[in-house]
Amino acid sequence: MLLTLLFHLMTVLQVVQSVPQKTTESYLLETALTNGSIGAILFVIWFLTFKFTQRQFEFALKQNQDQFDKALKQIEIQHRENLEESRRTNDKLFEVIRKDAEYKEVLAGVLTEMKKILIEHQDMYRRG
Numbered sequence: 059m060l061l062t063l064l065f066h067l068m069t070v071l072q073v074v075q076s077v078p079q080k081t082t083e084s085y086l087l088e089t090a091l092t093n094g095s096i097g098a099i100l101f102v103i104w105f106l107t108f109k110f111t112q113r114q115f116e117f118a119l120k121q122n123q124d125q126f127d128k129a130l131k132q133i134e135i136q137h138r139e140n141l142e143e144s145r146r147t148n149d150k151l152f153e154v155i156r157k158d159a160e161y162k163e164v165l166a167g168v169l170t171e172m173k174k175i176l177i178e179h180q181d182m183y184r185r186g
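Count the sequence shown with this note's numbering and you get residues 59 to 186, in order.
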């Protein structure tokens with residue numbers, strides 16, 4: 059389409075320039091056609107450049123969005139893994155605290171029994 063338009067513009071320019079011109083009106087017509095053709099060519103070049111830049115921008119935007127989505131998924135996975143690891147660590151910590159409390163209860167019971175036995179021995183020694 060673009061090539062066809064350029065071809066027709068060039069053909070019109072050649073026809074206008076090849077016709078012998080004797081009047082000012084034909085000169086004005088030639089100048090108007092030439093300037094209009096140049097303006098049309100520049101507009102087409104600008105339009106194609108704009109479209110190309112727009113495609114590049116859309117591609118870069120899509121690529122950045124894909125990278126962002128990948129990074130977000132990776133962060134979500136890392137967050138889940140860290141959360142699971144934290145839960146496992148907390149479970150282990152609570153298990154250690156629970157066992158510590160059990161051992162302290164056992165130790166308190168043993169110490170109470172030992173105290174009782176020592177008191178009984180002291181009483182027997184004093185009596186005896």
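Even for Gly, the Cβ is constructed at its ideal location relative to N, Cα and C.
One alpha carbon belongs to Ile99, the other to Gln112, and they sit about 20 Å apart. The straight-line gap separating the alpha-carbon atoms of Gln114 and Lys128 is approximately 21 Å.
Separation of Lys120 and Thr107 (C-alpha to C-alpha, rounded to the nearest whole angstrom) is 20 Å. Lys150 and Asn140 have their C-alpha atoms spaced approximately 15 Å apart.
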